[in-house]
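Asker:
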Amino acid sequence: MKIKGVITGDIIQSTHINPADRNLLLDTIQGIIQCTRKWGENRLDIYRGDSFQILVDNPIQALRITLLIRAGLQAKSPTAFRWDARVALGLGTIDFEREQSVIESDGEAFRNSGWEFDKLGRSKKLAIRTPWENFNEEFIVSTALVDDIVSNWTITQAQAIFLFLSTGKTQKEIADDLQKSSQAISKLLIGGKVNLIELYLNRYEQLTTTLIQ
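In the working numbering, each residue's number is its place in the sequence shown (first place is 1) plus 1.
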């Protein structure tokens, strides 16, 4: 059976969000997923107003998509309140996929995502669980470190990093998009430790490619 990814998440402190910004929040989540569909069919369900679940067709890109959700939310934050999400990625097989509803589907990937999400608590915002125990053990420390990095991005860092991770654009192209200088973009990417994020993603993509074949 094919391995897929499932991302379970919720918006942090959603009760503090201005009601006038609710439509922007929902549009932002949907827009993030739309820009990831170049990597495969990714289906999104939003429920209870602040929770979401995404079925990711391409497991090799699933961790990048998970980080893009957090980067994209932070990047679109209103100035009065910084958006972020707790997210848990699970990889595994899918036993039952309901076309009309992601949250009514089931399988190993859903269970792995749900278990890790339930363990996040208040202090953690990022978790990953796969069918491979050695993989899981290797990623415990690096995931905690990346979680800390992402949790401390500024809004402007998140804007630059979202474009860098989602488009593969050069710093000059990102600078043009954000109407900033190339030097300013370089400073934002370095400050956001994007080189460490890329090492983390590259290791994940290397391992999943090997294990899924």
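We put the CB at the ideal spot given by N, CA and C, even for glycine.
Since the model is a prediction, treat every value here as computed from it, not as a measurement.
Compare the Cα-Cα distances from Arg-18 to each of Trp-84, Ile-47 and Ala-76 and report the closest residue.
Answerer: The displayed chain sequence assigns Ile, not Arg, to residue 18. Checking every option, the nearest Cα to that of Ile-18 belongs to Trp-84.
Asker: Rounding to the nearest angstrom, what Cα-Cα distance links Arg-112 and Pro-60 in this structure?
Answerer: 15 Å
Asker: Just to check my reading of the structure: Ile-1 and Arg-87 have Cβ atoms closer than 8 Å, yes? What is that Cβ distance to the nearest angstrom?
Answerer: Given a span of 2 to 214 for the chain in the structure shown, any question on residue 1 remains unanswerable.
Asker: Here's the rule: buried if 16 or more other CB atoms are within 10 angstroms of the residue's CB, otherwise exposed. What is Arg-123?
Answerer: exposed
Asker: Around the Cβ of Ser-114, are there at least 16 other Cβ atoms within 10 angstroms (buried) or fewer (exposed)?
Answerer: buried
Asker: Residues in its own chain within less than 6 Å of Asp-51 by CB, not counting five upstream and five downstream?
Answerer: Hits under 6 Å: Asp-11, Ile-12 and Ser-15.
Asker: Can you list the alpha helix (DSSP H) stretches of 4 or more residues lying completely in the stretch 13-95, in chain order?
Answerer: Within the stretch 13-95, the complete alpha helix (DSSP H) runs of at least 4 residues are 23-36 and 63-76.
Asker: Is it true that the CB of Thr-37 sits closer than 7 Å to the CB of Leu-92?
Answerer: Not in contact: Leu-92 and Thr-37 (Cβ atoms no closer than 7 Å).
Asker: Skipping 5 residues on each side, what residues in its chain have a beta carbon closer than 6 Å to that of Gly-108?
Answerer: Contacts found: Thr-94, Ile-95 and Asp-96.
Asker: Give the secondary structure of Leu-215 by DSSP, where H, G and I count as helix, E and B as strand, and everything else as coil.
Answerer: Any property of residue 215 remains undetermined from this structure, which presents the chain solely from 2 to 214.
Asker: Taking the continuous alpha helix (DSSP H) assigned at Phe-165, which residues delimit it?
Answerer: 156-168
Asker: DSSP three-state label for Thr-171, please.
Answerer: Per DSSP, reduced to three states, the secondary structure at Thr-171 is coil, with no helix or strand assignment.
Asker: Classify Ile-186 as helix, strand or coil using the three-state DSSP reduction.
Answerer: helix
Asker: Going by the beta-carbon positions, is the gap between Thr-9 and Phe-118 smaller than 7 Å?
Answerer: Thr-9 places its beta carbon less than 7 Å from that of Phe-118.
Asker: State the start and end residues of the unbroken alpha helix (DSSP H) segment that holds Trp-1.
Answerer: Since the first residue shown for the chain is 2 and the last is 214, residue 1 is missing from the structure and cannot be characterised.
Asker: Taking 7 Å as the threshold (beta carbon to beta carbon), is Leu-164 in contact with chain C?
Answerer: Absent here is chain C; the protein component of the structure consists of one chain.
Asker: Where do the N-terminal and C-terminal ends of the alpha helix (DSSP H) with Val-142 fall, by residue?
Answerer: 134-152
Asker: Should the stretch 20-39 be regarded as contacting the stretch 67-86, the criterion being three or more beta carbon pairs within less than 8 Å?
Answerer: yes
Asker: In angstroms with no decimal places, state the Cα-to-Cα distance between Val-57 and Lys-3.
Answerer: Whole-angstrom Cα-Cα distance: 12 Å.
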